[in-house]
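Engineer: So that we are looking at the same thing, I have put the structure below in structure tokens.
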Amino acid sequence: MPGLARREQPLTVHHLNQLLLVCSLVLLVAVAAVRISSRSGLPSLLVYLGIGVAMGQDGVGNVHFNNAELTQVIGYAALVVILAEGGLGTKWKEIKPALPTATSLALVGIAMSVGVTATAAHYLIGLEWRQALIIGAVVSSTDAAAVFSVLRKVPLPARVTGILEAESGFNDAPVVILVVAFCTAGPVEHWYVLLGEITLELAIGAAIGLAVGWLGSWGLRHVALPASGLYPIAVMAIAVTAYAAGALAHGSGFLAVYLAAMMLGNAKLPHWPATRGFAEGLGWIAQIGMFVLLGLLVTPHDMGDDIVPALVIGLVLTMVARPLSVVVSLLPFRIPWQEQTLLSWAGLRGAVPIILATIPMVSGITESRRIFNIVFVLVVAYTLIQGPTLPWLARKLRLGESEGAADLGIESAPLERLRGHLLSVAIPKGSRMHGVEVAELRMPSGAAVTLVVRDGTSFVPLPTTVLRRGDELLVVATDPVRDAAERRLRAVGQGGKLAGWLGLAGNGTGPHSRHSGQ
Numbered sequence: 021m022p023g024l025a026r027r028e029q030p031l032t033v034h035h036l037n038q039l040l041l042v043c044s045l046v047l048l049v050a051v052a053a054v055r056i057s058s059r060s061g062l063p064s065l066l067v068y069l070g071i072g073v074a075m076g077q078d079g080v081g082n083v084h085f086n087n088a089e090l091t092q093v094i095g096y097a098a099l100v101v102i103l104a105e106g107g108l109g110t111k112w113k114e115i116k117p118a119l120p121t122a123t124s125l126a127l128v129g130i131a132m133s134v135g136v137t138a139t140a141a142h143y144l145i146g147l148e149w150r151q152a153l154i155i156g157a158v159v160s161s162t163d164a165a166a167v168f169s170v171l172r173k174v175p176l177p178a179r180v181t182g183i184l185e186a187e188s189g190f191n192d193a194p195v196v197i198l199v200v201a202f203c204t205a206g207p208v209e210h211w212y213v214l215l216g217e218i219t220l221e222l223a224i225g226a227a228i229g230l231a232v233g234w235l236g237s238w239g240l241r242h243v244a245l246p247a248s249g250l251y252p253i254a255v256m257a258i259a260v261t262a263y264a265a266g267a268l269a270h271g272s273g274f275l276a277v278y279l280a281a282m283m284l285g286n287a288k289l290p291h292w293p294a295t296r297g298f299a300e301g302l303g304w305i306a307q308i309g310m311f312v313l314l315g316l317l318v319t320p321h322d323m324g325d326d327i328v329p330a331l332v333i334g335l336v337l338t339m340v341a342r343p344l345s346v347v348v349s350l351l352p353f354r355i356p357w358q359e360q361t362l363l364s365w366a367g368l369r370g371a372v373p374i375i376l377a378t379i380p381m382v383s384g385i386t387e388s389r390r391i392f393n394i395v396f397v398l399v400v401a402y403t404l405i406q407g408p409t410l411p412w413l414a415r416k417l418r419l420g421e422s423e424g425a426a427d428l429g430i431e432s433a434p435l436e437r438l439r440g441h442l443l444s445v446a447i448p449k450g451s452r453m454h455g456v457e458v459a460e461l462r463m464p465s466g467a468a469v470t471l472v473v474r475d476g477t478s479f480v481p482l483p484t485t486v487l488r489r490g491d492e493l494l495v496v497a498t499d500p501v502r503d504a505a506e507r508r509l510r511a512v513g514q515g516g517k518l519a520g521w522l523g524l525a526g527n528g529t530g531p532h533s534r535h536s537g538q
């Protein structure tokens with residue numbers, strides 16, 4: 021066939037040039053669309069999906085794409101990058117108190133949500149039990165990127181933020197296991213068999229993720245690489261290694277990559293701001309590529325009959341399944357009703373459900389295209405409803421917190437031969453280090469502020485030099501006091517010159533401390 025022959029032609033330089041032009045233009049449009057989504061309060065995923073639909077066969081691009089297997093493979097790869105970026109940005113001190121509640125939501129809550137949603141899909145829509153269970157599992161995973169893209173302007177209590185962040189990082193793994201199990205040929209296994217498989221896979225994934233994360237962070241802290249640009253590459257390679265090792269060991273690769281990245285993100289690695297920025301950029305590229313591809317896979321003119329079923333299932337999921345799963349999961353914990361209400365409404369769906377909806381298509385499940393269409397419409401419709409109303413609900417529930425002191429940006433570069441570290445400290449606008457004299461930092465012995473950069477001019481500070489917002493400090497610390505020096509700097513950034521009295525001394529005071537600059 022002529023059309024088939026054209027598709028089988030090898031990629032030439034001319035085709036590469038066309039592909040690069042299209043991809044670069046799509047990326048530029050997507051980047052510009054982020055500003056639009058931030059102003060409107062809508063998650064950027066909707067914009068990216070819209071770009072894909074516009075490029076598809078029913079749009080102006082008229083691109084015919086129906087390869088569900090390729091979409092699933094690319095979607096999995098993108099999810100690995102997104103989970104790695106999310107884990108790197110997760111602060112252990114914030115999610116540690118929320119681990120029990122988040123784990124309960126990710127396990128008990130998922131079971132409740134799947135059961136209620138599948139029952140509604142079977143009795144209200146008329147789907148067979150296998151298709152109903154698949155839809156129930158597919159839409160039970162929440163999406164951190166969608167939640168925080170609309171809540172970034174509304175500071176929430178640390179407990180709510182920690183629960184939402186940890187839940188979205190943990191619940192992908194059991195949901196993937198359930199969807200794959202329901203799509204396997206033959207009868208659906210008994211619940212206790214599935215429970216055992218989920219427990220085993222999660223345990224294997226957690227063990228591998230923690231082991232790879234610990235080994236990777238130890239190696240990066242003890243081996244000085246010849247170029248700072250190698251650190252971001254090494255960090256992402258370690259995170260991807262955790263996923264691959266976990267998946268090949270028949271464990272949960274998604275949980276492994278999230279835990280490994282979280283360990284790396286809390287290990288105070290050298291050149292961390294650069295690493296964080298690199299990972300964030302990769303995360304954006306993964307999201308853009310994944311959602312545009314999912315938009316291309318959609319055929320809008322075939323979705324007319326699936327709109328009403330999607331809205332019905334979404335209504336049950338949003339108003340019944342999610343609130344019920346939150347209430348039941350949090351019964352052992354004393355969570356105020358206001359926070360439970362916000363947690364119930366904050367169950368936004370995003371990338372994971374649409375990608376998981378390709379699994380039944382690849383597995384050849386009956387009415388798999390209908391399942392994909394229902395999930396797609398559900399995600400888009402209820403993101404449009406829930407996204408803009410989340411900040412409003414948070415304010416109505418009086419859960420918004422006033423912003424505290426801004427944390428310092430500290431970048432560390434190892435000086436391997438000198439057995440020391442060079443700390444680059446940026447004082448942000450909201451830091452309480454503003455107005456503190458260098459001597460009042462009370463740095464530990466073995467650490468000193470050697471240079472201050474202010475308004476483009478650098479100078480060596482005196483003990484009486486007053487620090488200002490916007491300053492950049494160069495701090496030299498020996499190996500034994502490197503961590504103590506950073507803790508002390510962060511303590512002063514949070515508590516000002518009274519950090520010692522506020523219990524934020526950060527090991528900078530005591531018999532071994534001295535005035536910096538003396």
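Residue numbering for the sequence shown follows this note's numbering, starting at 21 and increasing by one per position.
All residues carry an ideal CB built from backbone N, CA and C; glycine is no exception.
Since we're looking at a predicted model, the values are computed, not measured.
Count the C-beta pairs between the region 271 to 291 and the region 97 to 117 that are closer than 8 Å, then say yes if the count reaches three, no if not.
Structural biologist: Contact between the region 271 to 291 and the region 97 to 117 is present, because at least three Cβ pairs lie under 8 Å.
Engineer: Return the chain-ordered list of same chain residues with a C-beta closer than 7 Å to the C-beta of L47, the five sequence neighbours on each side being excluded.
Structural biologist: If we look at L47 and ignore the five residues flanking it on each side, its Cβ neighbours are I308.
Engineer: If we require 3 or more residues per run, which beta strand (DSSP E) segments fall completely within the region 38 to 125?
Structural biologist: The qualifying runs do not exist here; there are none.
Engineer: In whole angstroms, what is the alpha-carbon distance linking L36 and A254?
Structural biologist: Those two C-alpha atoms are separated by around 29 Å.
Engineer: Within a Cβ cutoff of 7 Å, which residues of the same chain sit near A74, ignoring the five residues on either side of it in sequence?
Structural biologist: So the list reads V80, G81, once near-sequence residues are dropped.
Engineer: With H, G and I counted as helix, E and B as strand and the rest as coil, what does DSSP make of R474?
Structural biologist: In this structure, R474 counts as strand in the three-state DSSP scheme.
Engineer: Helix, strand or coil for L494, going by three-state DSSP, please let me know.
Structural biologist: Correct three-state label for L494: strand.
Engineer: With a threshold of 6 Å on Cβ separation, who are the neighbours of E89 within its own chain once the five nearest residues in sequence on each side are excluded?
Structural biologist: Within the same chain, E89 has close Cβ partners V382.
Engineer: Output the boundary residues of the alpha helix (DSSP H) element that contains G334.
Structural biologist: Run containing G334: 327 to 336, per the alpha helix (DSSP H) assignment.
Engineer: Going by beta carbon distance, what residues of the same chain come within less than 6 Å of A267, once the five residues before and after it are set aside?
Structural biologist: Answer for A267: G273, listed in chain order.
Engineer: By Cβ distance below 6 Å, which residues in the same chain neighbour K457 in space, the five residues on each side in sequence not counted?
Structural biologist: Position check: residue 457 holds Glu in this sequence, whereas Lys was assumed. So the list reads T484, V486, once near-sequence residues are dropped.
Engineer: In its own chain, which residues sit with a C-beta less than 8 Å from the C-beta of Q358, not counting the 5 before and 5 after it?
Structural biologist: L417, R418, L419, listed in sequence order.
Engineer: With a Cβ-Cβ cutoff of 7 Å, do A377 and V395 count as a contact?
Structural biologist: Cβ distance < 7 Å, so A377 and V395 count as in contact.
Engineer: Determine the contact status of V516 and R452, defining contact as a CB-CB distance below 7 Å.
Structural biologist: A small correction: the amino acid at residue 516 is Gly; Val does not occupy that position in the sequence shown. Cβ distance < 7 Å, so G516 and R452 count as in contact.
Engineer: In whole angstroms, give me the CA-to-CA distance for A118 and V501.
Structural biologist: Roughly 31 Å separates the two Cα atoms.
Engineer: Check whether the Cβ atoms of V445 and L509 lie closer than 7 Å to each other.
Structural biologist: Yes.
Engineer: Can you name the start and end residues of the alpha helix (DSSP H) that H441 belongs to?
Structural biologist: No alpha helix (DSSP H) holds H441; the beta strand (DSSP E) holding it covers 440 to 446.
Engineer: Could you tell me the alpha carbon to alpha carbon distance between S161 and R241, rounded to whole angstroms?
Structural biologist: The alpha-carbon atoms of S161 and R241 are separated by roughly 35 Å.
Engineer: Evaluate the contact criterion for the region 312 to 323 versus the region 117 to 135: three or more CB pairs, one atom per stretch, below 8 Å.
Structural biologist: The region 312 to 323 is not in contact with the region 117 to 135.
Engineer: For the region 129 to 139 and the region 148 to 162, state whether three or more C-beta atom pairs, one from each stretch, are separated by less than 8 Å.
Structural biologist: Contact between the region 129 to 139 and the region 148 to 162 is present, because at least three Cβ pairs lie under 8 Å.
Engineer: Could you name the residues that DSSP lists as bridge partners for E457?
Structural biologist: DSSP, once it has assigned bridges, lists V486 as partnering E457.
Engineer: With DSSP collapsed to three states, give me the class of F311.
Structural biologist: Three-state result, F311: helix.
Engineer: Just mark I405 as buried or exposed, buried being the case when its beta carbon has 16 or more other beta carbons within 10 Å.
Structural biologist: I405 is exposed by the Cβ-count criterion.
Engineer: If you compare alpha carbons, which of H34, P290, V100 is closest to L302?
Structural biologist: Measuring from the Cα of L302, the nearest candidate turns out to be V100.
Engineer: For the alpha helix (DSSP H) that contains A377, what are its first and last residues?
Structural biologist: Run containing A377: none; DSSP gives neither H nor E here.
Engineer: Tell whether a beta-carbon distance below 7 Å holds between S478 and M132.
Structural biologist: For S478 and M132, no; Cβs fall outside 7 Å.
Engineer: Quick test of your reading: S237 and M283, contact by CB under 8 Å. State the CB separation rounded to the nearest angstrom.
Structural biologist: Indeed they touch by this definition, with Cβ atoms about 6 Å apart.
Engineer: Decide if R390 is buried, meaning its Cβ has at least 16 other Cβ atoms within 10 Å, or exposed.
Structural biologist: R390 comes out buried.
Engineer: What's the C-alpha gap between A294 and V232?
Structural biologist: Spanning the two alpha carbons is a distance of roughly 21 Å.
Engineer: Quick one, are the C-beta atoms of C203 and I375 less than 7 Å apart?
Structural biologist: Result no, Cβ atoms of C203 and I375 do not sit closer than 7 Å.
Engineer: For V196, which three-state DSSP category applies?
Structural biologist: Reduced to three states, the DSSP call for V196 is helix.
Engineer: Quick one: is F298 buried, meaning 16 or more other Cβ sit within 10 Å of its Cβ, or exposed?
Structural biologist: Looking at its Cβ environment, which holds 16 or more other Cβ atoms inside 10 Å, F298 is buried.
Engineer: Rounded to whole angstroms, what's the CA-CA distance from D78 to H321? Just pull it up for me.
Structural biologist: Taking the straight line joining both Cα atoms gives about 7 Å.
Engineer: If you check the beta carbons only, do G334 and Y251 fall under 7 Å apart?
Structural biologist: No.
Engineer: Tell me the rounded alpha-carbon separation between A262 and I228.
Structural biologist: Cα to Cα, the separation comes out at about 7 Å.
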